[in-house]
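Chemist:
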Amino acid sequence: MEEKRNLRKERIGVVTSNKMDKSIVVAQVTKVKHPLYGKFVLKTKKFVAHDETNDCNIGDTVRISETRPLSKSKCWRLVEILERAK
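Counting from 1, one number per residue, gives the positions in the sequence shown under my numbering.
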């Protein structure tokens, strides 16, 4: 019987920090409708991701993928840089 490997989660976000060695902080912003008032509120989720080549800069749009835990807070890795900051 052939077993399929679970697909890893992927996120697209903007790099907010690259001050660490081989690590970046990626922020993903989503619009969520408030349950009572109906107003759309911006929710920000931050992910610490592994950047092996230290190639990312602040403001870059990147795709990250879930991976095994690499440290206390790092369990994502950089897949590709979609758009460079201007």
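By construction, the Cβ of each residue, glycine as well, lies at the ideal position given by its N, Cα and C atoms.
For clarity, every value in this text was computed on a predicted model and none was experimentally measured.
Quick check on DSSP: helix, strand or coil for residue 39?
Modeler: Along the sequence shown, one-based indexing puts residue 39 at 39. Three-state DSSP puts residue 39 in coil, outside helix and strand.
Chemist: Can you tell me whether DSSP reads residue 68 as helix, strand or coil?
Modeler: Locating residue 68 in the sequence shown gives position 68, where the first residue counts as 1. The answer is coil: DSSP assigns residue 68 none of H, G, I, E or B.
Chemist: From which residue to which residue does the beta strand (DSSP E) around residue 24 run?
Modeler: Taking the first residue of the sequence shown as 1, we reach residue 24 at position 24. Start and end: 23–33.
Chemist: Keeping to the same chain, check which residues put their C-beta closer than 6 Å to that of residue 28; ignore five residues upstream and five downstream.
Modeler: If you number the sequence shown from 1, residue 28 lands on position 28. Same-chain partners within the cutoff: 11, 13, 45.
Chemist: Residue 55: which of 8, 6, 24 sits nearest, CA to CA?
Modeler: In the sequence shown, residue 55 corresponds to position 55, counting from 1. That would be 24, whose Cα lies nearest to the Cα of residue 55.
Chemist: Assign residue 49 to one of two classes, buried (16 or more other C-beta atoms within 10 Å of its C-beta) or exposed (fewer than that).
Modeler: Numbered from its first residue, the sequence shown carries residue 49 at position 49. Residue 49 is buried by the Cβ-count criterion.
Chemist: Flag this pair as yes or no: are the beta carbons of residue 58 and residue 17 separated by less than 9 Å?
Modeler: One-based indexing of the sequence shown puts residue 58 at position 58. One-based indexing of the sequence shown puts residue 17 at position 17. For residue 58 and residue 17, yes; Cβs fall inside 9 Å.
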